[in-house]
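K.L.:
According to the numbering used here, the stretch in the sequence shown is residues 621 to 990, in order.
Where is the CB? At the ideal position from N, CA and C, for every residue including glycine.
Structure in structure tokens, see below.
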Amino acid sequence: MKKFDKDRLLLGIAAPVLAIVVAFLVTALVLAATGKEPFSAFGIMFDYGLKADSQVYILNKGTTYYLAGLAVAVGFRMNLFNIGVDGQYRLAAFFAAALGGALTLPGVLQIPLIILTAMIVGAMWAGIAGVLKVTRGVSEVVSTIMLNAIATAIIGYLLQQGRLGHLDQAGTKISTKPIPESSHFFEIPTTPTPIWGFIVIAALAGVAYWFVLSRTRFGFDLRTVGQSGSAAQASGVNVKKMVVTSMVISGAMAGLIGMPTLLNDSYEYSGDFPIGIGFTGIAIALLGRNHPVGIALGALLWGFLERGTGKLEFEGYDKEIVGVIQGVIVLCVVIAYEVVRRYGIKRQQSKVGEELAAQARNSDQQEVSA
């Protein structure tokens, strides 16, 4: 049993490591094909990425990416592809920002209220896709893509002056009314810039994700439905209820994605609020194999790539290189996991065959002795 667990751990580590190594090799070939020196580029990335201000940047970006990875991973564990995380977190951040700017409560009350509002909005928006799937058989991929577009339209309609939009003093920017300073989230003082305090909430969200999925009956049922809906149904699990519940939880987690930026950085929602993080979460969840520790490492890697390739652009490298690296990593992750999975199955089958052969030999020896 111990040997099997060890092998499973090694196989689990092998896939992301193989993916990253192959991704960097492919990227090196791309750089070389464009007349650039690969080792020089990687040297610039690592030197810049290890600087103090870069480390703070990576941690802050990683906080947001980590929450995105968790939101996607909840659906993945249920065998659901919640591609609507992007719309869910943006809509949640918008309404949370609008509420936060409209209230003047003490921070100890207003901050939890803002966060709770974001989680509720994200949960409700994701829940629509869950209900459509169990009542009408609509694929969550199709419904969440459409809900992303609808979320964008709703935000665009409401983020106007005279509605929920607020024109700044310069008359050049429309945003929600700024959240009062008393409701800004705490920061961890570092030089030269502080670390966003929401990293603590992200860590707690990761612990909650691990505990619920690994140490509760609900988590067991969720994983069972993800592996085989018919088997779960036969064991008494309400599969339809689990689908809706999983989408709601995924959406609630998605609601947290925009909170680090909102409460630690921008303090308002405007047209330049980060977009596309939900899709980044898909890659990070894949890279981390839906495990909270793996997702954390994937989020930090993504932050490092953004920081390092930003320096490459400043040094004269093509700005598209970051997209190349990230795209290659995602592709390599999918391929590496499949290769490792097949190898693991063959290895397990080989072990079972060896054990059966050993049992047969023992049985023959016992018959001869008798």
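1. Contact check, R697 vs L833 under 8 Å by CB: the rounded distance?
2. If you draw a straight line from the alpha carbon of I904 to that of I775, how long is it in whole angstroms?
3. Could you tell me how far apart the beta carbons of V953 and L906 are, in whole angstroms, since I believe they sit closer than 8 Å?
4. May I ask you to report which of helix, strand or coil DSSP gives L787?
5. Among residues of its own chain, excluding the 5 on either side of E781, which ones have a beta-carbon nearer than 7 Å to its beta-carbon?
6. Do L767 and G727 have their C-beta atoms closer together than 7 Å?
7. Return no unless some Cβ of chain B is closer than 7 Å to the Cβ of P798.
8. Among the candidates F715, I949, Y686, A693, whose CA atom is the shortest distance from the CA of V741?
9. To the nearest angstrom, report how far apart K797 and L711 are at their CA atoms.
10. Taking Cβ positions, are A872 and M739 nearer each other than 7 Å?
11. Who are the near neighbours of D673 in its chain, counting only those whose CB is closer than 7 Å to its CB and skipping five residues on each side?
12. Quick one: what's W922 bridged to in DSSP?
13. Tell me which residue opens and which closes the alpha helix (DSSP H) that K860 is part of.
14. Whole angstroms is fine: what's the gap from G791's alpha carbon to G785's?
15. From which residue to which residue does the alpha helix (DSSP H) around M665 run?
16. So, with DSSP's three-state summary, where would you put I703?
17. CB-CB under 6 Å to P636, same chain, minus the five flanking residues each way: which ones, in chain order?
18. From what residue to what residue does the alpha helix (DSSP H) around I731 run?
19. Among the residues of its own chain, which have a CB less than 6 Å from the CB of T844, if the five just before and after it don't count?
20. Alpha carbon to alpha carbon, how far is Y887 from R783? Give it in angstroms, no decimals.
21. From the DSSP secondary-structure annotation, give me the bridge partner or partners of Q597.
22. Which same chain residues end up closer than 8 Å to Q985 when comparing Cβ atoms and leaving out the 5 residues on each side of it in sequence?
23. Give me the residue from I965, A956, Q969, K931 with the minimum Cα distance to G669.
24. Which of the three DSSP states, helix, strand or coil, is assigned to S890?
25. Closest to I941 by CA distance: which of L752, I808, A653, A919 is it?
26. Measuring CA to CA, which of A978, Q979, A916, V950 is closest to T647?
27. Using the Cα positions of V754 and V859, report the straight-line distance between them to the nearest angstrom.
28. From which residue to which residue does the alpha helix (DSSP H) around T844 run?
29. Using three-state DSSP, classify M621 as helix, strand or coil.
30. Less than 7 Å between the beta carbons of I731 and S660, yes or no?
31. Less than 8 Å between the CB atoms is what I'm expecting for N982 and G846, so what's the real figure, rounded?
32. Who are the Cβ neighbours of F924 in its own chain at under 7 Å, not counting the five residues just before and after it?
33. Ignore the nearest five residues each way along the sequence and tell me which others in Y701's own chain have a CB closer than 7 Å to its CB.
34. Whole angstroms is fine: what's the gap from V959's alpha carbon to L690's?
35. Relative to the alpha-carbon of A588, which residue among Q968, A956, G973 has its alpha-carbon at the smallest distance?
P.N.:
The answer reads as follows:
1. Counted from its first residue, the sequence shown places residue 697 at position 77. Counted from its first residue, the sequence shown places residue 833 at position 213. Right, their Cβ atoms sit about 6 Å apart.
2. In the sequence shown, counting from the first residue as 1, residue 904 sits at position 284. In the sequence shown, counting from the first residue as 1, residue 775 sits at position 155. Distance between the alpha carbons of I904 and I775: 26 Å.
3. Along the sequence shown, one-based indexing puts residue 953 at 333. Along the sequence shown, one-based indexing puts residue 906 at 286. With a Cβ gap of about 5 Å, V953 and L906 count as contacting.
4. Reading the sequence shown from its first residue, position 167 is the one you call residue 787. Correct three-state label for L787: strand.
5. By 1-based counting over the sequence shown, the position of residue 781 is 161. Here the sequence assigns Gln to residue 781, which means Glu is not the residue at that position. Sequence-distant partners of Q781 (beyond 5 residues in either direction) whose C-beta falls short of 7 Å from its own C-beta, in its chain, are L787, I794.
6. Locating residue 767 in the sequence shown gives position 147, where the first residue counts as 1. Locating residue 727 in the sequence shown gives position 107, where the first residue counts as 1. No, the pair does not count as a contact, with Cβ atoms beyond the cut-off.
7. As a matter of chain content, chain B is missing from the structure shown, which is built from one protein chain.
8. For the purposes of this step, residue 741 is identified with residue 121 of the sequence shown, where counting begins at 1. Checked all of F715, I949, Y686, A693; the closest Cα to V741 is F715.
9. Numbered from its first residue, the sequence shown carries residue 797 at position 177. Numbered from its first residue, the sequence shown carries residue 711 at position 91. So the alpha carbons of these two residues sit roughly 16 Å apart.
10. Here residue 872 refers to the residue found at position 252 when the sequence shown is read from its first residue. Here residue 739 refers to the residue found at position 119 when the sequence shown is read from its first residue. Closer than 7 Å, so yes.
11. Indexing the sequence shown from 1 puts residue 673 at position 53. P812, T813, listed in sequence order.
12. As a first step, residue 922 must be located in the sequence shown, where it is residue number 302. Among the bridge pairs identified by DSSP, W922 is matched with none.
13. Counting from one through the sequence shown, the residue named residue 860 turns up at place 240. Per DSSP, K860 belongs to the alpha helix (DSSP H) from 859 to 875.
14. As a first step, residue 791 must be located in the sequence shown, where it is residue number 171. As a first step, residue 785 must be located in the sequence shown, where it is residue number 165. Approximately 12 Å between the Cα atoms of the pair.
15. Residue numbering aside, residue 665 sits at position 45 when the sequence shown is read from its first letter. Note, M665: alpha helix (DSSP H), 658 to 669.
16. For the purposes of this step, residue 703 is taken as residue 83 along the sequence shown, with counting starting at 1. Of the three classes helix, strand and coil, the one that applies to I703 here is coil, per DSSP.
17. The residue given as residue 636 occupies position 16 in the sequence shown. The residues are L907.
18. Counted from its first residue, the sequence shown places residue 731 at position 111. Taken as a continuous stretch (DSSP letters only), the alpha helix (DSSP H) holding I731 covers 727 to 756.
19. Position 224 of the sequence shown, counted from the first residue, corresponds to residue 844. Answer for T844: A852, listed in chain order.
20. For the purposes of this step, residue 783 is taken as residue 163 along the sequence shown, with counting starting at 1. For the purposes of this step, residue 887 is taken as residue 267 along the sequence shown, with counting starting at 1. Cα to Cα, the separation comes out at about 19 Å.
21. Past the boundaries of the shown model lies residue 597; the chain is included only from 621 to 990, so the question cannot be answered.
22. Locating residue 985 in the sequence shown gives position 365, counting from the first residue. No residues qualify anywhere along the chain.
23. In the sequence shown, residue 669 corresponds to position 49, counting from 1. Closest in C-alpha terms to G669, from the list I965, A956, Q969, K931, comes K931.
24. Counting from one through the sequence shown, the residue named residue 890 turns up at place 270. Note: S890 maps to strand in three-state DSSP.
25. Taking the first residue of the sequence shown as 1, we reach residue 941 at position 321. The shortest CA-to-CA distance from I941 to any of L752, I808, A653, A919 is the one to A653.
26. Here residue 647 corresponds to residue number 27 of the sequence shown, with the count starting at 1. Closest by C-alpha distance to T647, out of A978, Q979, A916, V950, is V950.
27. Indexing the sequence shown from 1 puts residue 754 at position 134. Indexing the sequence shown from 1 puts residue 859 at position 239. Their Cα atoms are separated by approximately 9 Å.
28. Locating residue 844 in the sequence shown gives position 224, counting from the first residue. 837 to 847 is the extent of the alpha helix (DSSP H) around T844.
29. The residue you call residue 621 lines up with position 1 of the sequence shown. Only weak support is given to the placement of M621: the predicted model assigns it a pLDDT of 41, under 50, and the value that follows is read from those uncertain coordinates. Reduced to three states, the DSSP call for M621 is coil.
30. Reading the sequence shown from its first residue, position 111 is the one you call residue 731. Reading the sequence shown from its first residue, position 40 is the one you call residue 660. S660 is positioned such that its CB atom lies no closer than 7 Å to that of I731.
31. By 1-based counting over the sequence shown, the position of residue 982 is 362. By 1-based counting over the sequence shown, the position of residue 846 is 226. With a Cβ gap of about 38 Å, N982 and G846 do not count as contacting.
32. By 1-based counting over the sequence shown, the position of residue 924 is 304. Result list for F924: G669, I678, in chain order.
33. Position 81 of the sequence shown holds residue 701. Checking the sequence shown, residue 701 turns out to be Phe, not Tyr. Sequence-distant Cβ neighbours of F701 in its own chain, meaning closer than 7 Å and more than five residues away, are G695, E760, V761.
34. Here residue 959 corresponds to residue number 339 of the sequence shown, with the count starting at 1. Here residue 690 corresponds to residue number 70 of the sequence shown, with the count starting at 1. One C-alpha to the other measures close to 24 Å.
35. Outside the displayed range of the chain (621 to 990) lies residue 588, so it cannot be described from this structure.
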